[in-house]
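Chemist: This structure is in C-alpha cells; I'll ask about it shortly.
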C-alpha cells in the first residue's frame, strides 16, 4: 500500500508485485533472494543502457557484471533520501561506463599506432642496394 501523498514509482506502476523499497531493505539486511529480485528487475535495463554506449558485446557484459558487483557490495550505503534506488543503480552504471571509456582511451594512447607506417626519412632504396651488394659478395 502507498502512503498518503506518495505517488507510485514507475517500477510499481509497471510491475505492481515488485515493491522496490521492501526488496532493497531486505537486500541491505543480507537477503540474497532480494538481491536476485533486484538483479532480475534491473538487469535488462542496465544491459541496454550499457550496450548502447559500449559497442563490444563482451565489454558490455563485463561492465554489467562489474555494475552488479558494485551494487551488491555497496547496497548498504544506499539511503532513501531524494533519489530512488533506480537512480542510484544507473549512477553506478554511468560511472562504470565512463571508467571503461577512460581505460579504453588510455589503452589506445599506449598502443603504437604508427609502427606499421614506414619512415619517410629512411632510405629504403639504399637499404635494398646494400642487401644486393652483400648478396653479390657472398
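Residue numbers (full-length UniProt numbering): 1 to 138.
C-beta atoms are modelled at their ideal positions from N, C-alpha and C, and glycine is treated no differently.
Once you ignore the five residues that flank residue 56 on each side, which residues in its own chain have a CB closer than 8 Å to its CB?
Modeler: In the chain shown, the residue the question calls residue 56 occupies position 56. Cβ within range, chain order: n/a, list empty.
Chemist: How many angstroms separate the CA atom of residue 100 from the CA atom of residue 54?
Modeler: The residue given as residue 100 occupies position 100 in the chain shown. The residue given as residue 54 occupies position 54 in the chain shown. Our two residues, residue 100 and residue 54, have alpha carbons roughly 9 Å apart in a direct line.
Chemist: Please classify residue 96: is it buried, with 16 or more other beta-carbons within 10 angstroms of its beta-carbon, or exposed?
Modeler: For the purposes of this step, residue 96 is taken as the residue at position 96 of the chain shown. So residue 96 ends up on the buried side.
Chemist: Taking a contact to mean a Cβ-Cβ separation below 8 Å, would you say residue 22 touches residue 93 in this structure?
Modeler: Numbered from 1 along the chain shown, position 22 holds the residue referred to as residue 22. Numbered from 1 along the chain shown, position 93 holds the residue referred to as residue 93. No. Outside cutoff.
Chemist: So what does DSSP say about residue 3, is it helix, strand or coil?
Modeler: Here residue 3 is taken as the residue at index 3 of the chain shown, counted from 1. In this predicted model, residue 3 has a pLDDT of only 42, less than 50, meaning its place in the structure is not dependable enough to derive any value.
Chemist: What are the start and end residues of the alpha helix (DSSP H) that includes residue 64?
Modeler: Reading the chain shown from its first residue, position 64 is the one you call residue 64. 57-74 is the extent of the alpha helix (DSSP H) around residue 64.
Chemist: Taking the alpha carbon of residue 64 as the point to measure from, which residue in 49, 75, 76 and 78 has its own alpha carbon closest?
Modeler: Position 64 of the chain shown, counting from 1, holds the residue named residue 64. The candidate whose alpha carbon is nearest that of residue 64 is 49.
Chemist: Give me the Cα-Cα distance between residue 39 and residue 106, rounded to the nearest whole angstrom.
Modeler: Counted from its first residue, the chain shown places residue 39 at position 39. Counted from its first residue, the chain shown places residue 106 at position 106. Taking the straight line joining both Cα atoms gives about 31 Å.
Chemist: With a CB to CB cut of under 7 Å and the five nearest residues on each side skipped, what residues in its chain are close to residue 43?
Modeler: Mapped onto the chain shown, residue 43 falls at position 43. So the list is empty, once near-sequence residues are dropped.
Chemist: Within this structure, are the beta carbons of residue 28 and residue 73 separated by less than 8 Å?
Modeler: The sequence position of residue 28 within the chain shown is 28, counting from 1. The sequence position of residue 73 within the chain shown is 73, counting from 1. Their beta carbons are not under 8 Å apart, which means residue 28 does not touch residue 73 by this criterion.
Chemist: In the DSSP assignment, the alpha helix (DSSP H) including residue 49 goes from what residue to what residue?
Modeler: As a first step, residue 49 must be located in the chain shown, where it is residue number 49. Run containing residue 49: 32-51, per the alpha helix (DSSP H) assignment.
Chemist: Could you please give the first and the last residue of the uninterrupted alpha helix (DSSP H) stretch that includes residue 77?
Modeler: Taking the first residue of the chain shown as position 1, residue 77 is located at position 77. No alpha helix (DSSP H) contains residue 77, which DSSP labels as neither H nor E.
Chemist: Between the alpha carbons of residue 24 and residue 61, how many angstroms are there, rounded?
Modeler: What you label residue 24 is simply residue 24 of the chain shown in a count that begins at 1. What you label residue 61 is simply residue 61 of the chain shown in a count that begins at 1. Going by the C-alpha atoms only, they are around 24 Å apart.
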